[in-house]
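Going down the list, the protein sequences come from chains A and X.
Start counting the first sequence at 4; every next residue gets the next number (the working numbering).
Start counting the second sequence at 4; every next residue gets the next number (the working numbering).
2 protein chains.
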Amino acid sequence: MSDEMLCIDYRRLESIYGPLAESVRRLVDLSIRTEADPATVAAAKAKIDRAADELSASVRPGTFGVHTTPDGDTVAWGNAVVGLRNAVAPPLVLHHEADGLVWSEFNLGAAYEGPPEHVHGGVSALILDHVLGATAHKLGRPAYTGTLTLRYRRRTALGRLLRAEAHVDRIEGVKTFSVGHIADADGVTVEAEGIFITPRA
Amino acid sequence: MSDEMLCIDYRRLESIYGPLAESVRRLVDLSIRTEADPATVAAAKAKIDRAADELSASVRPGTFGVHTTPDGDTVAWGNAVVGLRNAVAPPLVLHHEADGLVWSEFNLGAAYEGPPEHVHGGVSALILDHVLGATAHKLGRPAYTGTLTLRYRRRTALGRLLRAEAHVDRIEGVKTFSVGHIADADGVTVEAEGIFITPRA
Chain A
4 MSDEMLCIDY RRLESIYGPL AESVRRLVDL SIRTEADPAT VAAAKAKIDR
54 AADELSASVR PGTFGVHTTP DGDTVAWGNA VVGLRNAVAP PLVLHHEADG
104 LVWSEFNLGA AYEGPPEHVH GGVSALILDH VLGATAHKLG RPAYTGTLTL
154 RYRRRTALGR LLRAEAHVDR IEGVKTFSVG HIADADGVTV EAEGIFITPR
204 A
Chain X
4 MSDEMLCIDY RRLESIYGPL AESVRRLVDL SIRTEADPAT VAAAKAKIDR
54 AADELSASVR PGTFGVHTTP DGDTVAWGNA VVGLRNAVAP PLVLHHEADG
104 LVWSEFNLGA AYEGPPEHVH GGVSALILDH VLGATAHKLG RPAYTGTLTL
154 RYRRRTALGR LLRAEAHVDR IEGVKTFSVG HIADADGVTV EAEGIFITPR
204 A
């Protein structure tokens with residue numbers, strides 16, 4: 004890694020690009036729910052297109068990827084679940100407890116809908132894949148999903164505080180067996196178990 | 004349903020709101036990848052906020068939900084996988100063959116990233132939940148995911164043409180057992196099997 008790369012100030016970049024993504028998240032929600040008239044929609048679309056043109060002035064080719072700060076922290080701002088800069092991501096903020104538990108509390112809006120007013124079953128799978136996988140990651144050695152099994156106990160409502168959590172059940176060689184769930188205030192809605200593979204160094 | 008509801012012209016609404024969501028999808032991608040300077044980002048963010056304010060003039064409360072046209076077609080424009088108006092959705096366009104096969108071809112960009120330059124394992128789960136589930140839906144009687152199991156054979160690259168497909172393996176009472184996969188030009192990357200429950204009428 005070059006000296007120039009090491010000098011990137013991620014905190015400063017976060018303060019620039021984080022609020023941009025928050026504005027885009029609000030726009031994603033409103034573009035689903037607006038009932039504004041055609042002229043208003045056309046005017047809004049024109050502003051969005053101009054904003055996009057401006058952001059195109061300088062663009063990283065391909066994808067954001069995963070960066071590492073000088074302190075060794077992982078920067079996955081493009082990630083579909085936790086990416087600070089990715090308006091597809093809610094984004095989840097993961098907490099890692101000393102005993103290995105990984106958890107996150109979050110709220111999902113209209114953009115995550117499957118059955119009317121409920122979380123898309125696949126969105127629950129997306130979130131649980133990420134949270135279970137996070138129990139298996141080691142510094143600089145991400146784990147990859149091998150298998151993932153989901154059991155849907157009941158539907159998960161949009162607009163309520165939700166909690167996802169996972170822990171490691173056991174480790175066998177390169178395989179980490181993790182279990183977890185999503186719950187609302189009334190209990191577990193979706194259970195998951197997964198096997199995550201840590202490639203040999 | 005009231006006469007007024009029956010008179011909604013979904014084709015006309017599609018021509019108004021579809022292009023808006025396409026513009027928002029481009030913006031989501033650029034907001035992840037832009038390296039524009041702070042002043043440019045601030046100017047773009049201001050335009051996005053004004054566009055969002057304009058779209059707020061008239062907003063459906065809650066979520067989009069699922070509508071039905073006078074012809075009996077389902078309108079799930081807010082859906083997280085196929086929603087025309089939802090910038091979180093790629094969106095997938097599903098094809099239903101006479102023999103029950105459901106398939107979709109699509110391309111995923113930077114917003115669906117997990118491992119660098121690869122599709123998030125949970126995004127593959129999201130897509131497969133939807134495509135497998137679609138094999139089980141009956142007119143006016145959506146099926147709900149009971150269990151879903153995913154086997155990841157290898158990583159799925161972003162930016163390549165992908166195909167998801169699924170078919171019904173067997174039906175036992177209210178349970179539809181479906182199987183499917185995601186493939187790229189080199190073969191299957193993720194396999195899935197699921198049990199989908201059709202609530203009794």
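For each residue, glycine too, the CB sits at the ideal point set by N, CA and C.
No experiment lies behind these values; they were computed from the predicted model shown.
Opposing strand residues paired with residue i [DSSP bridges]
| i | result |
| --- | --- |
| Val191 of chain A | A:Ala186 |
| Ile198 of chain X | X:Thr150, X:Phe180 |
| Tyr155 of chain A | A:Val193 |
| Val62 of chain X | A:Thr37 |
| Arg173 of chain X | X:Phe180 |
| Leu164 of chain A | A:Asn110 |
| Glu225 of chain X | As shown, chain X starts at 4 and ends at 204. That puts residue 225 of chain X outside it, with no answer to give. |
| His70 of chain X | X:Val78 |
| Lys50 of chain A | Beta-bridge pairing links Lys50 of chain A to no other residue. |
| Arg144 of chain A | A:Lys141 |
| Val105 of chain A | A:His99, A:Ala169 |
Beta carbon proximity, residue i to chain A, threshold 7 Å
| i | result |
| --- | --- |
| Val91 of chain X | yes |
| Ser26 of chain X | yes |
| His70 of chain X | no |
| Ala186 of chain X | no |
| Val44 of chain X | yes |
| Ser61 of chain X | yes |
| Glu116 of chain X | yes |
| Asp52 of chain X | yes |
| Glu17 of chain X | no |
| Thr159 of chain X | no |
| Ala169 of chain X | no |
| Thr148 of chain X | yes |
| Arg156 of chain X | no |
| Glu194 of chain X | no |
| Ser34 of chain X | yes |
Residue-chain proximity (residue i, chain X), Cβ-Cβ < 7 Å
| i | result |
| --- | --- |
| Gly21 of chain A | no |
| Gly176 of chain A | no |
| Ala139 of chain A | no |
| Pro94 of chain A | no |
| Tyr13 of chain A | no |
| Tyr202 of chain A | Contrary to the premise, residue 202 of chain A reads as Pro rather than Tyr in this sequence. With 7 Å as the cut-off, Pro202 of chain A does not count as an interface residue toward chain X. |
| Gly125 of chain A | yes |
| Phe67 of chain A | yes |
| Leu30 of chain A | yes |
| Asp76 of chain A | no |
| Ser107 of chain A | no |
| Glu38 of chain A | yes |
| Leu247 of chain A | One cannot answer for residue 247 of chain A here, as it falls past the ends of chain A, which runs 4 to 204. |
| Thr152 of chain A | yes |
| Asp6 of chain A | The predicted position of Asp6 of chain A is uncertain, since its pLDDT is 39 and thus under 50; a value taken from the coordinates is nonetheless stated next. Not closer than 7 Å to any Cβ of chain X, the Cβ of Asp6 of chain A fails to qualify, so no. |
Cutoff 6 Å; reference residue i; Cβ partners in own chain excluding five residues on either side
| i | result |
| --- | --- |
| Trp80 of chain X | Phe67, Gly86, Leu87, Arg88 |
| His133 of chain A | Val84 |
| Arg163 of chain X | Asp187 |
| Ala24 of chain A | Arg88, Ala90 |
| Glu194 of chain X | Arg154, His184 |
| Thr150 of chain A | Ile198 |
| Val177 of chain X | Ile200, Thr201 |
| Val27 of chain X | Ala90 |
| Glu285 of chain A | Limits of chain A in this structure are 4 at one end and 204 at the other, which puts residue 285 of chain A out of reach. |
| Ile51 of chain A | none |
Identity of the residue in the options nearest residue i by Cα
| i | options | result |
| --- | --- | --- |
| Pro119 of chain A | X:Pro94, X:Ala146, X:Glu100 | X:Ala146 |
| Gly124 of chain X | A:Gly124, A:Leu129, A:His121, A:His123 | A:Leu129 |
| Ala167 of chain A | A:Glu108, A:Ala113, A:Glu175, A:Gly112 | A:Glu108 |
| Glu57 of chain A | X:Ala54, X:Asn82, X:Thr43, X:Ala49 | X:Thr43 |
| Pro64 of chain A | X:Asp32, X:Glu196, X:His70, X:Ile51 | X:Asp32 |
| Arg15 of chain X | A:Pro41, A:Thr71, A:Thr179, A:Pro22 | A:Pro41 |
| Pro22 of chain A | X:Arg144, X:Ala47, X:Glu100, X:Asp74 | X:Ala47 |
| Asp12 of chain A | A:Gly143, A:Asp74, A:Ala49 | A:Asp74 |
Cβ-Cβ separation, residue j to residue i (assumed contact under 8 Å), whole Å
| i | j | result |
| --- | --- | --- |
| Thr201 of chain X | Ala139 of chain X | 6 Å |
| Glu2 of chain X | Ser18 of chain A | Since the first residue shown for chain X is 4 and the last is 204, residue 2 of chain X is missing from the structure and cannot be characterised. |
| Arg158 of chain A | His98 of chain A | That belief does not hold up - the Cβ atoms of Arg158 of chain A and His98 of chain A are roughly 26 Å apart, past 8 Å. |
| Ile174 of chain A | Ala113 of chain A | The Cβ separation is near 39 Å, so there is no contact. |
| Arg203 of chain X | Ala55 of chain A | At roughly 48 Å, the Cβ-Cβ gap does not stay under 8 Å, so Arg203 of chain X and Ala55 of chain A are not in contact. |
| Leu165 of chain X | Asn82 of chain X | With 8 Å as the limit, Leu165 of chain X and Asn82 of chain X do not qualify as a contact, their Cβ atoms being about 19 Å apart. |
Residues near residue i by beta carbon distance below 8 Å, same chain, minus five either side
| i | result |
| --- | --- |
| Gly117 of chain X | His123, Gly124, Gly125, Val126 |
| His170 of chain X | Asp102, Gly103, Leu104, Val105, Thr138, Ser181, Val182, Gly183 |
| Ala160 of chain A | Glu120, His121, Val122, Asp187 |
| Asp6 of chain X | Confidence in Asp6 of chain X is poor, its pLDDT being 39 and thus under 50, which makes the residue's placement unreliable; the coordinate value appears in the next sentence. Within the same chain, Asp6 of chain X has no close Cβ partners at all. |
| Val191 of chain X | Arg156, His184, Ile185 |
| Thr77 of chain A | Val69, His70, Thr71 |
| Tyr115 of chain X | Pro93, Val122, His123, Val126, Leu161 |
The ligand MN heavy atom lying under 6 Å from the CB of residue i
| i | result |
| --- | --- |
| Arg166 of chain X | Because no ligand of any kind appears in the structure shown, any question about the ligand MN cannot be addressed here. |
Proximal residues to residue i (C-beta, below 7 Å), its chain only, five neighbours per side dropped
| i | result |
| --- | --- |
| Asp172 of chain A | Phe180, Ser181, Val182 |
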